[in-house]
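Asks: Here you go, one structure.
Protein chains: 2
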Amino acid sequence: MSAGRIRIGVVAPGGRIEPALAEKLTALAQAQFKDRAPELLFHPQCFLSSGHFAGNDKTRAEAFLDVANDANFDALWFARGGYGSARLAERVLAGLTDAARHKTYLGYSDAGSMLAALYTRGFQNLAHGPMAADLTRDGGEQAVCRALAYLVDRAPETLEPSVSPDHPSAAFNIMILSHLIGTPLQPDLTGHVLMLEEVGEYMYRVDRSLQHIVSNADIRKTAGIRLGRWSPIPPNDPDFGQTEEEVIRHWCAVSGIPYLGRADIGHDIHNKIVPFGRFKPRAAA
Amino acid sequence: MSAGRIRIGVVAPGGRIEPALAEKLTALAQAQFKDRAPELLFHPQCFLSSGHFAGNDKTRAEAFLDVANDANFDALWFARGGYGSARLAERVLAGLTDAARHKTYLGYSDAGSMLAALYTRGFQNLAHGPMAADLTRDGGEQAVCRALAYLVDRAPETLEPSVSPDHPSAAFNIMILSHLIGTPLQPDLTGHVLMLEEVGEYMYRVDRSLQHIVSNADIRKTAGIRLGRWSPIPPNDPDFGQTEEEVIRHWCAVSGIPYLGRADIGHDIHNKIVPFGRFKPRAAA
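Sequence order for the protein chains is A and B. Heads up: the first sequence runs through residues 1 to 285, numbered per my numbering. Heads up: the second sequence runs through residues 1001 to 1285, numbered per my numbering.
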C-alpha cells in the first residue's frame, strides 16, 4: 500500500477494452484528482482478444493474479463485464497470496462472480460499482469518477444510500447471482441487505432467476432484498402482466425475505457503490 | 388406469395453446391409432390467458392437480413449454395425492421444472419428450405421434437410442436445470446419464449455465453427460470461438464428469423420449 497517490491495477476477466479507453481514463483521473490522481496501470491483458474474451482463461487468470498478488497495488479495478469472470474463479482462488487480501476490488455485472469467489475466502474490501468501461456510456465520466473517488477516498457520497457500517450489504446482477447458487462460489449472505440489478433481460427470465435465487435455503437467511434498476427491459410477448416491483415483491413474499425497497444501482451512470459486508471508512479500511 | 384406450389429460403449466390445436391433435390421434386412439382431454385451463401464462399460478396449479390426482387419467401431457412450471411446483407438490403417482407425465423444456419436482418425490413414470404444441412445427405430426406412441405403447422406437433398462437417464433443457441447482427441486441424478439440450440461446449464456450446472457437487455424481441439440444458436458478437461440443467437453473435463457423446433430443420434431430413471417397458410400467 502506498502512502500518497494510490495505485490501481486494471484487469479484464471478461471482455476486452480498447487502448484509447485507457488513455481517456488516465487523462480524466488526472484532471479530476490533480496531484492526488491515482496511478492507473492497465494490464496489457485488457487489450487482448480471444473469441468472446480478453485473452484465454489462463491469460486472464494470470493477469488477475499479477495485480491481485502485487503488494504495490492498492486496488484491482475490473475493466468491464461481459462474460468470463466465473471461468477464472477456480484458477484465481488457487493462486492468490496474502498480498491479495490487502487491496480493494471494484466491479459489477460479470465481475460479481469473482467478487463472490473472493468473498467466500473472507476478503474484506470488495465492492460492487462502476468499471472502467462505464466511461463509454453517455455521461460516463460521473460513473468512473465515482468509482475513483471510492477507491481514493472511500468518499461517502459514492455509496448507495442504504449502505451503512451498521449492517452488511452485498449487490449482484440477478443473472450472475443465479448462476452462483448451489456452487462452491455462492457467498454467505446471512444477515446481509442484498441489492439486485438487471439489464436487458426479458421479464420472464428475471422472474425465473429470482425464483431460483430465493428458493435457495441460504439466500433466505439474508436480512432483506432491495431492488436496483432493471433497464432496459425488452418487451415481453405476451406482456408479462406484472411490473418489476410486483415481481420482486411476489418472490420476497413467497420466500419470506423482507422486501426493503429500491436500491440506487444498475447498469447505468448512476450506479452507486455497494461494499460487500459492512462499509469501513478509509481510516478503518 | 383403463384397460383399453388410455386417457390422457392435457394441461398447460406454462404458456397457453389455441383450441384449434386441440382439435387437430384429437383428429390426428384418431387417424393414427384408430380404435386404440387415446382419449385426449384438454383441461379448459390450456386456453386461458393471464399475461405471460395460461391462467394465473393458482389456476394452473389447480388444473395440474385436477389431472394429476384423477385416477381416471393414465397420463398427464404437457401442452407446451414457455415459462411457468417452476412457479407452480411448490403448490402442486403440496396438493398431490396417491393417484398422482400412478400415471405418466410427459413434457420437456419449461416442463422440466415440474418433472424435476415430481422426481424429487419419487415419481416413477416421468419422461422428457414432445408436447402437444410440437404439432405447430413443420412436420410436427411425427413429434406428437412419437409422444402418443410412448404414452400408449411405450414403443421402444420412440426412445432416445442410449436409453436402457440397465442404467438411469434424465434429460433437461440447460437453462431449466441451471435454475433448479441449489434449490429443493434439484433432482438427485446420481448415477444417471444426463442429457442436455438448448434452444435459441447465445453460446456465452449456455457456457455460463453449463459451468453453473457442473459446479454443483451433486451434479458431479452423474454417470456422464450427453449433448442434445442446441439449435438455433444466435450469432455471438464477437464469435465465441468454440463449438458447442468443445464447450461441453470443456466443462465435462473441468468437472470430471464423463462426456458420453451426443443425444437425440432437442427443440425440434426429432426429439426422442427420455424416461427419467430406468426405462420400464409397458408390461412392467
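Every residue gets a Cβ at the ideal spot worked out from N, C-alpha and C, and that includes glycine.
Please return the same chain residues whose Cβ sits closer than 7 Å to the Cβ of V193 (chain A), not counting the five positions on each side in sequence.
Replies: The residues are S162, H167, S169, A223, G224, R226, L260.
Asks: Between the region 224-251 of chain A and chain B, which residues of the former have a C-beta closer than 7 Å to a C-beta of the latter?
Replies: Answer set for the region 224-251 of chain A: N236, P238, D239, F240, G241, Q242.
Asks: Output the distance between the C-alpha atoms of C1046 (chain B) and A1027 (chain B), rounded to the nearest integer angstrom.
Replies: Roughly 18 Å between the two C-alpha positions.
Asks: Does R220 (chain A) come out as helix, strand or coil in the three-state DSSP assignment?
Replies: DSSP places R220 (chain A) in helix when its eight states are reduced to three.
Asks: Using beta carbons (cut-off 8 Å, strictly below), is A1086 (chain B) in contact with chain A?
Replies: So yes, A1086 (chain B) belongs to the interface.
Asks: Can you tell me whether DSSP reads E1039 (chain B) as helix, strand or coil?
Replies: Strand at E1039 (chain B).
Asks: Does the Cβ of A1143 (chain B) have 16 or more other Cβ atoms within 10 Å, making it buried, or fewer, making it exposed?
Replies: With 16 or more Cβ atoms within 10 Å of its Cβ, A1143 (chain B) is classed as buried.
Asks: Where does the unbroken beta strand (DSSP E) through Y1259 (chain B) begin, and where does it stop?
Replies: Segment 1259-1262, the beta strand (DSSP E) holding Y1259 (chain B).
Asks: How would you write the range of the alpha helix (DSSP H) that S1215 (chain B) sits in, first residue to last?
Replies: It spans 1203-1215 - the alpha helix (DSSP H) in which S1215 (chain B) sits, taken as one unbroken run.
Asks: I think V152 (chain A) touches A79 (chain A), with their Cβ atoms under 8 Å apart; what is that distance to the nearest whole Å?
Replies: Not a contact, Cβ separation roughly 18 Å.
Asks: Give me the Cα-Cα distance between E197 (chain A) and Q1030 (chain B), rounded to the nearest whole angstrom.
Replies: So the two alpha carbons sit approximately 51 Å from each other.
Asks: Going straight from the alpha carbon of R1036 (chain B) to that of G1009 (chain B), what length do you get?
Replies: If I take the Cα positions, the gap works out to 16 Å.
Asks: Ignore the nearest five residues each way along the sequence and tell me which others in F42 (chain A)'s own chain have a CB closer than 7 Å to its CB.
Replies: Only V10, A22 meet the Cβ criterion.
Asks: Kindly indicate which residue of B:H1179, B:R1005, B:T1243 has the alpha-carbon position closest to the one of K1034 (chain B).
Replies: Selected option, being the one with the closest Cα: B:R1005.
Asks: Tell me whether the beta-carbon of Y1204 (chain B) lies closer than 8 Å to the beta-carbon of R208 (chain A).
Replies: No, the pair does not count as a contact, with Cβ atoms beyond the cut-off.
Asks: Per DSSP, A1171 (chain B) forms a beta bridge with which residues?
Replies: Looking at the DSSP assignment, A1171 (chain B) forms a beta bridge with B:M1195.
Asks: Please return the same chain residues whose Cβ sits closer than 6 Å to the Cβ of K982 (chain B), not counting the five positions on each side in sequence.
Replies: The question about residue 982 (chain B) has no answer here: the residues shown for chain B are numbered 1001 through 1285.
Asks: Look up L1185 (chain B) in the DSSP assignment and say whether it is helix, strand or coil.
Replies: In this structure, L1185 (chain B) counts as coil in the three-state DSSP scheme.
Asks: List the residues of chain A whose Cβ lies closer than 7 Å to the Cβ of R1208 (chain B), in chain order.
Replies: Residues of chain A passing the Cβ test: Y83, A86, H179.
Asks: List the residues of chain A whose Cβ lies closer than 7 Å to the Cβ of L1211 (chain B), in chain order.
Replies: Here residue 1211 (chain B) turns out to be Gln, not Leu, going by the sequence shown. Simply A86, R87.
Asks: Quick one: give me the first and last residue of the beta strand (DSSP E) that L1148 (chain B) is part of.
Replies: First-last for L1148 (chain B): 1140-1153, but that is the alpha helix (DSSP H), not the beta strand (DSSP E).
Asks: Relative to the C-alpha of I1181 (chain B), which candidate in B:D1218, B:L1115, B:T1190 has its C-alpha closest?
Replies: Selected option, being the one with the closest Cα: B:D1218.
Asks: Please classify R146 (chain A): is it buried, with 16 or more other beta-carbons within 10 angstroms of its beta-carbon, or exposed?
Replies: With 16 or more Cβ atoms within 10 Å of its Cβ, R146 (chain A) is classed as buried.
Asks: Using DSSP bridges, identify the partner residues of H1250 (chain B).
Replies: Answer is none; H1250 (chain B) lacks a bridge partner.
Asks: Return the first residue and the last residue of the beta strand (DSSP E) that G14 (chain A) is part of.
Replies: Element bounds for G14 (chain A): n/a, residue is neither H nor E.
Asks: So H43 (chain A) contacts chain B; which residues on that side make the cut at Cβ distance below 7 Å?
Replies: In chain order: nothing, as chain B lies at least about 20 Å away.
Asks: What residues in its chain sit with their C-beta under 8 Å from that of G1191 (chain B), if we drop five residues either side in the sequence?
Replies: For G1191 (chain B), where only same-chain residues beyond five positions count, the Cβ hits under 8 Å are H1167, P1168, K1221, T1222, A1223.
Asks: Skipping 5 residues on each side, what residues in its chain have a beta carbon closer than 8 Å to that of L1088 (chain B)?
Replies: So the qualifying residues of the chain are P1013, D1057, R1060, A1061, F1064, M1114.
Asks: If you follow the beta strand (DSSP E) that Y1105 (chain B) is part of, which residue opens it and which one closes it?
Replies: First-last of the beta strand (DSSP E) with Y1105 (chain B): 1104-1107.
Asks: D1110 (chain B): buried (16+ other C-beta within 10 angstroms of its C-beta) or exposed?
Replies: Buried: at least 16 other Cβ atoms inside 10 Å.
Asks: Report buried or exposed for H1102 (chain B), applying the criterion of at least 16 other Cβ atoms within 10 angstroms of its Cβ.
Replies: Exposed, because fewer than 16 other Cβ atoms sit within 10 Å of the Cβ of H1102 (chain B).
Asks: What is the rounded straight-line gap between the Cα of A257 (chain A) and the Cα of T120 (chain A)?
Replies: Note on residue identity: the sequence assigns Ile, not Ala, to residue 257 (chain A). Cα to Cα, the separation comes out at about 22 Å.
Asks: Take A100 (chain A) and list the residues in its own chain whose beta-carbon comes closer than 6 Å to its own, dropping the five residues that flank it on each side.
Replies: Around A100 (chain A): A68, N69.
Asks: P1184 (chain B) and S255 (chain A): beta carbons closer than 8 Å?
Replies: Not in contact: P1184 (chain B) and S255 (chain A) (Cβ atoms no closer than 8 Å).
Asks: Specify, as a first and last residue, the run of the alpha helix (DSSP H) that A1061 (chain B) falls within.
Replies: It spans 1057-1068 - the alpha helix (DSSP H) in which A1061 (chain B) sits, taken as one unbroken run.
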